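Enquirer: Take this structure first; my questions come after.
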Amino acid sequence: MLSRSSTPIVRNIIKASESSGPILNFVKRLIFFGQKGNSTKPISHNISFTNTTSGSSTFRSYHNYSMPDYLVQEISSEMRKQNYAYANKKLGEFTKNWFGFYTFQNNNQVALYLHSLLLFDSKQIIDDVSPLVMASENGLKQAQLLLATISYLGFVSTVRVGKYETLLAKYDASRDWTNQKLVESTVETYLIELVEIFDSNFAHYALGKFYLKTKQYERAMDHFNVAASRNYKKAILEQALLLRSGSPDGVISKNPFKSLELFKQVRFNSIAHKNLIEMFRNGEGLAKASYIRVVFQIFRYLMVRIAKRTVGGFAYVFLEITWYMLAFSMASLVLGLVLEWYLNR
């Protein structure tokens, strides 16, 4: 690769680009392809991490602060503020090449790991694990443990990331990971530290799923509530599912009315859609008055759609007036029936 001061021609291009327009800047970028930034100094990301395999469960044992403090603190702060665009741009400087693909370079395992946490939080889809796998394969213990955690909780197919026992063995080969108590305590401690350091929606959601898996329903709901209050859709879905049936231990009471409202918030999710259909079919969470309201809403929706698509704005106004007249007539009819019943009882 060319040195930045290898030839007089290169030095002249650099000097000219600092005071000239974008064309020479572009030429300079082509010469130093793959390196980022406008500085003429060699770029060093200065990211290092001490991989620990001692298995200690003390505070921040999995997130040892020998990782670059400035980067962790900055990304943590932006994630707490949900300023995902800035955090994504910042981490992209360390994790992506010119073509936008994730790449391992300059010992950037920590940045790749942080980028995975950011994706899980901002995209609300636990699907793109490529930066996490890259960091794991290059020896970062946190990445190996996070991969094992999402495999254990069933977030990603084991075909893609492997079985959690295998991933935990890679994280610490000195332990017996067939011991489920050990697995549970390790995953729980890790997720608690993830919440303490980043306070991310994903961390709360994952910890809620862990408690749900281990049948600690009240603690699960507490963490789902935190993530759902920040509009994390997966947590809202879990709330709705838990409230529809209630918890087996009776701690979370069955609340079909609240469940129905939550399912409506995530109606485009296939699981939520299926539950909504079942609840409407079974009459769950619907008072008798709600049936009439649903019928009227469907009727009005159809009228508006027909008017907008076929006969234009005048018909739309006419049908709106018709709708209100129909609603008034129905209300009068119901009131008349009630009065007749009351007078003749």
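Its first residue numbered 1, the sequence shown is counted upward by one per residue in our numbering. For every residue, glycine included, the Cβ atom is placed at its ideal position computed from N, Cα and C. For clarity, every value in this text was computed on a predicted model and none was experimentally measured.
Any idea if Trp353 is buried or exposed, counting beta-carbon neighbours within 10 angstroms, 16 or more meaning buried?
Expert: Residue 353 lies beyond the residue range present for the chain, which begins at 1 and ends at 345; the question has no answer from this structure.
Enquirer: Measure the CB-CB distance between Asp263 and Ala272 and report whether it falls below 8 angstroms.
Expert: First, the amino acid is wrong: residue 263 is Phe here, not Asp. Closer than 8 angstroms, so yes.
Enquirer: Determine the direct distance from the alpha carbon of Gly283 to that of Thr186, and round the result to whole angstroms.
Expert: Taking the straight line from one Cα to the other gives about 43 angstroms.
Enquirer: What does a CB cutoff of less than 7 angstroms around Tyr232 pick up in its chain, not counting 5 residues either side in sequence?
Expert: So the list reads Gln124, Asn201, Tyr205, once near-sequence residues are dropped.
Enquirer: For Arg244, count neighbouring Cβ atoms within 10 angstroms of its own Cβ and tell me buried if that reaches 16, exposed if not.
Expert: When all chains shown are included, Arg244 counts as buried.
Enquirer: Rounded to whole angstroms, what's the CA-CA distance from Asp222 to Val110? Just pull it up for me.
Expert: Approximately 30 angstroms, taken between the alpha carbons.
Enquirer: Pick helix, strand or coil for Lys96, following the three-state DSSP scheme.
Expert: Strand.
Enquirer: Hey, how far is the Cα of Asn83 from the Cα of His115?
Expert: The alpha-carbon atoms of Asn83 and His115 are separated by roughly 13 angstroms.
Enquirer: What three-state label does DSSP hand Tyr84 in the structure shown?
Expert: Here Tyr84 sits in helix by DSSP.
Enquirer: Return the CA-CA distance between Thr7 and Thr95, expressed in angstroms with no decimal places.
Expert: At Thr7 the pLDDT is 48, less than 50, meaning the model places this residue with poor confidence; the figure from the coordinates comes in the next sentence. When rounded, the distance between both Cα atoms is 30 angstroms.
Enquirer: Take Leu91 as the anchor and find which of Phe101, Val226, Ile75 has the nearest alpha-carbon.
Expert: For the residues Phe101, Val226, Ile75, the minimum Cα distance to Leu91 belongs to Ile75.
Enquirer: What's the call for Met325, buried or exposed, on a 16-neighbour Cβ count within 10 Å?
Expert: Exposed, because fewer than 16 other Cβ atoms sit within 10 Å of the Cβ of Met325.
Enquirer: Spatial neighbours of Ser259 within its chain, please: C-beta separation below 7 angstroms, excluding the five flanking residues on both sides.
Expert: Within the same chain, Ser259 has close Cβ partners Ala240, Leu243, Arg244, Gly285.
Enquirer: Please look up how many angstroms separate the CB atoms of Lys398 and Tyr171, rounded, as I've assumed it's under 8 angstroms.
Expert: This structure gives no information on residue 398, because the portion of the chain shown stretches from 1 to 345.
Enquirer: From the DSSP output, in three-state form, read off Tyr232 for me.
Expert: Correct three-state label for Tyr232: coil.
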